[in-house]
Ligand code: EPZ
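Residue numbers (our numbering): 355 to 769.
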């Protein structure tokens, strides 16, 4: 078993170009959504990340045929069997819960283990279940198994107390074949929701308003197959742009939709990062001393919570103080003690981190507590002279396609 570590000898400048892969958070919704199809679905540019591999195994557990033809994933759901999903694959990632909405939507019945996911504090699914019940489903949880069934699913108006990405997607999936119109109010507006909606509509669904806070789904009887190209990963793009601002000597990040990371780009400009923003790429120019800024995470299009851990490493060396306010996951600061081990000066308060800029970070042995924490530690390791070892690196491989190769291609000293 390959050691679960990444070693990085930092203090070097990176340069050249890196091409972003397609979106993990779109892919992990799109794969379960194929359960709704009655014909073959062909997906291009599916990222090669562990979360995708696990979801493919879950599709295969449902007797869905998944093959790779050239660079496309060919998924044939015509012999699907709605078995109880209780393998340990379910607990490997939170996004396994999209099978709840998809199987309920298709069969009006689903039974599976409760979802897993990284430790960002409590991650309830009450809004998902509220949505399913509004459509007429009954939810029964006993032990670690969740069972949801409905005689029939009828469209309804559902207000989300919080603009939850997962709940918005799961309700969309469950409502696809429901009778009549379902309206989701205060829906999440993330680009991954638009990508899923456009794929479902290509298959014959009637979904309108994805990307706005009000989404309507008019139930249909069946979905055809389709061919779909998944959007670029805005969080991976943001991570490499932050990395380029930290240790870059001229780095071009390609296959980017700048509109998906406007909040990050404007925050970096506020710090003094020089960038040339193209229609599908961002060229980060070598930056001098950067200024500390205040960051507050919001739902899309605000500053993405998934990028607050990576930008923390950049702020650790910025001039002056920075405040990070988390409004999505109040406990998403487990990367801070690791950065402190590397010499960062960070004070933690409830839902807040005050970062006092220091002059340098030192190499150390650190541990990735979750995917984006790991990404932040890679950026810190690239900033620190000497060799840093990042333990529990498996978290990073869940969501960053080919990260070692991409870093090496930029000139990083990584193994
Ligand atoms: C998605 O998680 C992403 N994951 C997360 O990315 C991302 O951080 C998050 O959205 C916010 O943008 C995927 O897309 C697979 P939420 P999700 O439902 O859907 C509360 C990564 O690193 N909430 O929008 O789980 C919840 O507790 C991951 O790629 C409820 O209270 O996020 C949290 O405070 C990490 N009840 C807030 O909403 C619910 O029923 C945001 O959750 C659901 C959520």
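All C-beta atoms in this analysis are idealised placements derived from N, C-alpha and C, irrespective of residue type, glycine included.
Cα-Cα separation, residue i to residue j
i, j, result
"residue 646", "residue 704", "20 Å"
"residue 596", "residue 478", "30 Å"
"residue 631", "residue 738", "28 Å"
"residue 586", "residue 426", "15 Å"
"residue 623", "residue 515", "33 Å"
"residue 513", "residue 730", "35 Å"
"residue 402", "residue 487", "35 Å"
"residue 361", "residue 758", "10 Å"
"residue 418", "residue 387", "12 Å"
"residue 686", "residue 519", "17 Å"
"residue 364", "residue 676", "23 Å"
"residue 411", "residue 396", "17 Å"
"residue 460", "residue 429", "16 Å"
"residue 444", "residue 725", "18 Å"
"residue 355", "residue 748", "Confidence at residue 355 is low in this model, with a pLDDT of 49, below 50, so the placement of that residue should be treated as unreliable; the coordinate-derived value is given next. Their backbone Cα atoms lie some 12 Å apart in a straight line."
"residue 638", "residue 531", "46 Å"
"residue 376", "residue 543", "18 Å"
"residue 688", "residue 605", "29 Å"
"residue 603", "residue 368", "6 Å"
"residue 650", "residue 616", "14 Å"
"residue 358", "residue 746", "5 Å"
"residue 717", "residue 697", "9 Å"
"residue 706", "residue 391", "44 Å"
"residue 760", "residue 456", "34 Å"
"residue 710", "residue 692", "15 Å"
DSSP bridge partner residues for residue i (one or two, in chain order)
i, result
"residue 716", "739"
"residue 602", "368"
"residue 451", "Residue 451 is not bridged to any residue."
"residue 513", "539"
"residue 396", "428, 581"
"residue 423", "426"
"residue 708", "677, 701"
"residue 530", "None, per the DSSP bridge assignment."
"residue 721", "745"
"residue 568", "539"
"residue 635", "608"
Contact set for residue i: own chain, Cβ-Cβ below 8 Å, skip 5 residues either direction
i, result
"residue 382", "405, 406, 409, 447, 449, 452"
"residue 534", "508, 509, 572, 573"
"residue 462", "491, 503, 504, 505, 506, 507"
"residue 619", "595, 612, 629, 631, 636"
"residue 644", "599, 625, 626, 627, 668, 671, 672, 673"
"residue 374", "586, 587, 590, 591, 594, 607, 608, 609, 610"
"residue 642", "626"
"residue 566", "541, 543"
Contacts around residue i, its chain only, beta-carbon distance under 6 Å, and the 5 residues preceding and following it disregarded
i, result
"residue 589", "660"
"residue 370", "764"
"residue 569", "538, 541, 563"
"residue 413", "420"
"residue 549", "380, 585"
"residue 393", "578, 579"
"residue 775", "Residue 775 is absent from the structure shown; the chain starts at 355 and stops at 769."
"residue 701", "708"
"residue 663", "689, 726, 727, 730"
"residue 440", "467"
For residue i, the first and last residue of its enclosing alpha helix (DSSP H)
i, result
"residue 376", "Counting along the chain, residue 376 falls outside any alpha helix (DSSP H), and DSSP gives it neither H nor E."
"residue 414", "404-415"
"residue 689", "689-695"
"residue 549", "545-556"
"residue 763", "757-763"
"residue 644", "Element bounds for residue 644: n/a, residue is neither H nor E."
"residue 665", "662-670"
"residue 624", "616-625"
Exposed unless 16 or more other CB atoms sit within 10 angstroms - verdict on residue i
i, result
"residue 581", "exposed"
"residue 614", "buried"
"residue 680", "buried"
"residue 633", "exposed"
"residue 575", "exposed"
"residue 683", "buried"
"residue 648", "exposed"
"residue 536", "buried"
"residue 398", "exposed"
Continuous beta strand (DSSP E) stretch holding residue i: start and end
i, result
"residue 463", "463-467"
"residue 477", "Element bounds for residue 477: n/a, residue is neither H nor E."
"residue 748", "No beta strand (DSSP E) holds residue 748; the alpha helix (DSSP H) holding it covers 748-751."
"residue 503", "499-503"
"residue 489", "No beta strand (DSSP E) contains residue 489, which DSSP labels as neither H nor E."
"residue 630", "629-631"
Cβ neighbours of residue i in the same chain (closer than 7 Å, five flanking residues each side left out)
i, result
"residue 501", "465, 494"
"residue 468", "498, 500"
"residue 521", "481, 482, 485, 514"
"residue 733", "596, 597, 600, 664, 667, 668"
"residue 712", "670, 671, 697, 698, 699"
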